Each structure stands twice: as C-alpha cells, then as structure tokens.
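Numbering (the working numbering), first residue to last: 199 to 590. Everything on this sheet refers to the single structure shown next.
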Ligand SMILES: Cc1cc2nc3c(=O)[nH]c(=O)nc-3n(C[C@H](O)[C@H](O)[C@H](O)COP(=O)(O)OP(=O)(O)OC[C@H]3O[C@@H](n4cnc5c(N)ncnc54)[C@H](O)[C@@H]3O)c2cc1C
C-alpha cells in the first residue's frame, strides 16, 4: 500500500483529523480544497451562526484555537455573543492548517474503490494510489435537497442555497427564497443589502429567532449550560456524547430526531436585518413552478388560497438529506458493500467505521448515527481523537 491512511476532504473535519494524525507522526495523505464549501460557496459577508467557542478546528493540544488566533492578532475574543465573520474564520482556518499540518494536496479524488487489503484511489489529475484505510470527510455539498416540484427547473433560475451565485449578481433582480433557517434568513438579508428585491416564503406560521447569547450568571448557566449546539442539558448531551446517542437509541429514533430537532431558526444578530425589511410570506408553499419568458411563475398555496408570483430567481434554502448514493466518487462495487441503516444512511461502528473494514465516514454524513452535532464543526472535537486513537 502507498499510504496507511488517506483522508478525503479538507474541511473542518478533515483538517482536525489530519492535525491529530500529524501530532502522532502517522503517515497519511489528505486530499481536497481547504475549506472549499466555506470559501467558494458560502455568501461573502456571511457571519457564522455558531458561537466563537464552537467555531474551532481541533488539534490535540488545543494550541491552535480561534481564541489563540485572535489573541495572536491582538484582537478581542469572547466565547459567546461575538459574531464571527466568514472572512475571519477562513483566515483562522488557514492559520490552523499552516501550524498543524502544513501544505496539503489541493486535489480531488475522482474514484475510490476497493483493492486487496485496502482501497484504490484515482485523483482527478489521473494519478493513482492505494491506501490501507480511507476517511470520507467530504461534507454537506452533495446532500442539498430541492423540493420535487422545483427540482426539474434549471440553474441559475432555481438553485439550492449551497450553490448560490455571488451575492452581487442578484442586484436588481426579484428573488424568492424558500426556507426559515439561518441560511434562508441570512441569504435574504445579504441579497436585500446587495440591492435585490427579496421575498421569503416560509411554511411555518412565524419565524423563530435565537435569544441574544451573552455571558450569563452562574445560576443560569447551571440551569441551562451553553453547549456546542445550543444551551440546556439536553444540548450538552447531544454536543458532548455523540457515541452515547448512537448506542442508546434505535436507528429509526435517531434518524427522526436528527431530522426534526434543532429546527429552523435565525441567529439573534440577524433579526434586525430581516424583520420589517424583507417581505415574508408565512404559511406558504410552492405547489408548482414554470418558466415563462425567462422568468419563473410560482403557484403558491396560502391559507387564503392559491396565489401567483413572478420572480427572476428562486433559492431553495431547504436543507440537506443524507444519502451516500450521492457521493459520486464512490465506485459502485464499494458503495454496494457499505451496509446501511436506512436508504443511503451508512451503518457505522462507534469508531465511525463502515461495514467495509478500513473505511470511515465522518461529518454530516454520520449525523443520523451520531446526532445533530455532526452537522457542525464542533463534532470534529469528538471525531478526530477517536480516529487518531483507532487508526493503527
Ligand atoms: C450556509 C451554511 C452556514 C453554516 N454555518 C455553520 C456555522 O456557523 N458553524 C458550524 O459549525 N457549521 C456551519 N455550517 C455547517 C458546516 O458546513 C459544517 O460545520 C462543516 O463545513 C463541516 O465540515 P466538513 O469537514 O465535514 O465538510 P466541508 O467543510 O464541507 O468540507 C468538505 C471538504 O471535502 C472536499 N471534497 C469534496 N469532494 C471531494 C473529493 N471528491 N475529493 C477530495 N476532496 C473532496 C472539499 O474540497 C472540502 O475540502 C454551515 C453550513 C452552511 C451550508
């Protein structure tokens, strides 16, 4: 084998695992574009929803935290209530990578298959290699879902929010955004501020906003501690005990919980940029859509009947649904040998290993097994040490 371990994906999970393996002097290869989904696909001007204390990449000695980075620049750091700009987070990730891993191979894997005693990889530049173990850390991008009534319409007229064009390109256009989560609400604010005419279509009867997070007195923190995903003891369990989540609940219960818990809401600092500024249609669902003269005609079901909307662009901020069949770099024979708990949801051991020995899946693709914390970079805190311990 050319490699002991290969990590596919250089987002927060891949980088954190690599930092742990490097600290143990393990031999590994890491492929992917560093923080690609953040630098290339998230809108410029975005602010992270996670609190600063939950916006770290993870090295074993905790020497390269966001706090260390900001302090090295003589900038203030507050664990809570200090919104973190995307640009600053990307600079931090770059600093983390330089200090913990160094250069990495900014190249994609085209095909991953099995070979005797391990795996064979083909890179997009045609190079091939073999590896005894492989960690899949390729993030959420393949899992975006667009409602079926819109999925046949072409981009850029209809796009999932994770594939939005640069914000400025929407200036002067009428844009309809579906969804009530952070992505929908923040995209609406950014597009409005960039000069688009924005309309939010929301199924719910109201928008939900998180409370202003700020340092709280000890008594309140004991009653409802701050955790990676939210505050409260339930959130602490979900944030800190992902392996317990896997062990304690049946697959059906876990899947349902991951789909329905910690639902759509907006960050506290976004509220003033949306409320009373952005046209918001509550209890509204798109029933059908068609293209007429290069514009979209939407039929929208509302409590008082059907209404038609003409719009130039539709952005579906309608979330993600895990299905490993969408990982187009997996060879069919490998995909078919990964056991699943339900359609497209991999069965994983407590060490994130699939039923194919030596093949690991981490990050959002493991969230139906380990819980909602795996949708956030905070989950890498748990994954990286477990893998570093268990990858021989
Ligand atoms: C709009 C939006 C806002 C978000 N805000 C937050 C937030 O504030 N806080 C938070 O914790 N989480 C947030 N998230 C979730 C966030 O995406 C995850 O926390 C985080 O990116 C997960 O990291 P990851 O390493 O699993 O995947 P990603 O960051 O998506 O990284 C995937 C990596 O895989 C690589 N890759 C993909 N395919 C291949 C291939 N074939 N070969 C090689 N490499 C490949 C990519 O180049 C990239 O390096 C947000 C998500 C969205 C969509």
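The C-beta atom is built at its ideal place from N, Cα and C for all residues, glycine as well. Just so it is clear, the structure is predicted and the values come from calculations on it, not from any experiment.
Asked: Taking the continuous beta strand (DSSP E) assigned at residue 537, which residues delimit it?; Found: Taken as a continuous stretch (DSSP letters only), residue 537 belongs to no beta strand (DSSP E), as it is neither H nor E.
Asked: Which runs of the alpha helix (DSSP H) at least 4 residues long sit entirely within the segment 337-403? Give them in chain order.; Found: 380-391
Asked: Tell me which same chain residues have a C-beta within less than 8 Å of the C-beta of residue 543, skipping the five on either side of it?; Found: 449, 453, 520, 521, 522, 566 and 567
Asked: Is the distance from the Cβ of residue 331 to the Cβ of residue 550 below 9 Å?; Found: no
Asked: Just checking my contact of residue 546 with residue 538 at CB under 8 Å: how many whole Å lie between their CB atoms?; Found: Not really, about 10 Å apart at Cβ, beyond 8 Å.
Asked: Would you tell me roughly how many angstroms separate the C-alpha atoms of residue 266 and residue 303, rounded to the nearest one?; Found: 26 Å
Asked: How long is the line joining the alpha carbons of residue 486 and residue 494, rounded to whole angstroms?; Found: 10 Å
Asked: For ligand 1, is there any heavy atom lying closer than 8 Å to the beta carbon of residue 519?; Found: no
Asked: If I follow the unbroken alpha helix (DSSP H) through residue 289, where does it start and stop?; Found: 284-298
Asked: According to the neighbour-count rule (16 or more other Cβ atoms, all chains shown, within 10 Å of its Cβ), is residue 509 buried or exposed?; Found: buried
Asked: Any Cβ of chain C within less than 9 Å of the Cβ of residue 241?; Found: Absent here is chain C; the protein component of the structure consists of one chain.
Asked: Check this for me: beta carbons of residue 405 and residue 481, under 9 Å apart or not?; Found: no
Asked: Is residue 580 a contact residue of ligand 1, with contact defined as CB to any heavy atom under 8 Å?; Found: no
Asked: So the candidates are 536, 573, 489 and 483; which of them puts its Cα closest to the Cα of residue 376?; Found: 483
Asked: Could you tell me whether the Cβ atoms of residue 572 and residue 560 are closer together than 9 Å?; Found: yes
Asked: For residue 580, count neighbouring Cβ atoms within 10 angstroms of its own Cβ and tell me buried if that reaches 16, exposed if not.; Found: buried
Asked: Does the separation of the CB atoms of residue 503 and residue 388 fall below 9 Å?; Found: no
Asked: Can you check whether the CB of residue 228 is closer than 9 Å to the CB of residue 216?; Found: yes
Asked: Please tell me whether, using a cut-off of 8 Å, the distance from the CB of residue 338 to the nearest non-hydrogen atom of ligand 1 is below it.; Found: yes
Asked: Who are the Cβ neighbours of residue 416 in its own chain at under 8 Å, not counting the five residues just before and after it?; Found: none
Asked: Quick check on residue 446: buried or exposed, where buried means 16 or more other Cβ atoms within 10 Å of its Cβ?; Found: exposed
Asked: Could you tell me which residues DSSP puts in a beta bridge with residue 313?; Found: 316
Asked: Mind pulling the beta strand (DSSP E) runs of 3 or more residues that sit fully within the segment 480-535?; Found: 483-490, 493-500, 503-509 and 511-514
Asked: Tell me which same chain residues have a C-beta within less than 6 Å of the C-beta of residue 403, skipping the five on either side of it?; Found: 480 and 481
Asked: Helix, strand or coil: how does DSSP classify residue 212 here?; Found: helix
Asked: Got a sec? Which residues, its chain only, sit under 7 Å from residue 390 by beta carbon, not counting five neighbours each side?; Found: 396, 475 and 476
Asked: Apart from the five residues on each side of it in sequence, which residues of its chain come closer than 6 Å, Cβ to Cβ, to residue 245?; Found: 281 and 283
Asked: For residue 311, I'd like the list of residues in its chain whose CB is within less than 6 Å of its CB, leaving aside the five on either flank, ordered along the chain.; Found: 318, 529 and 532
Asked: For residue 326, is the classification buried or exposed, using 16 other Cβ atoms within 10 angstroms of its Cβ as the cut-off for buried?; Found: exposed
Asked: May I ask you to list the residues that DSSP assigns as paired with residue 466?; Found: Answer is none; residue 466 lacks a bridge partner.
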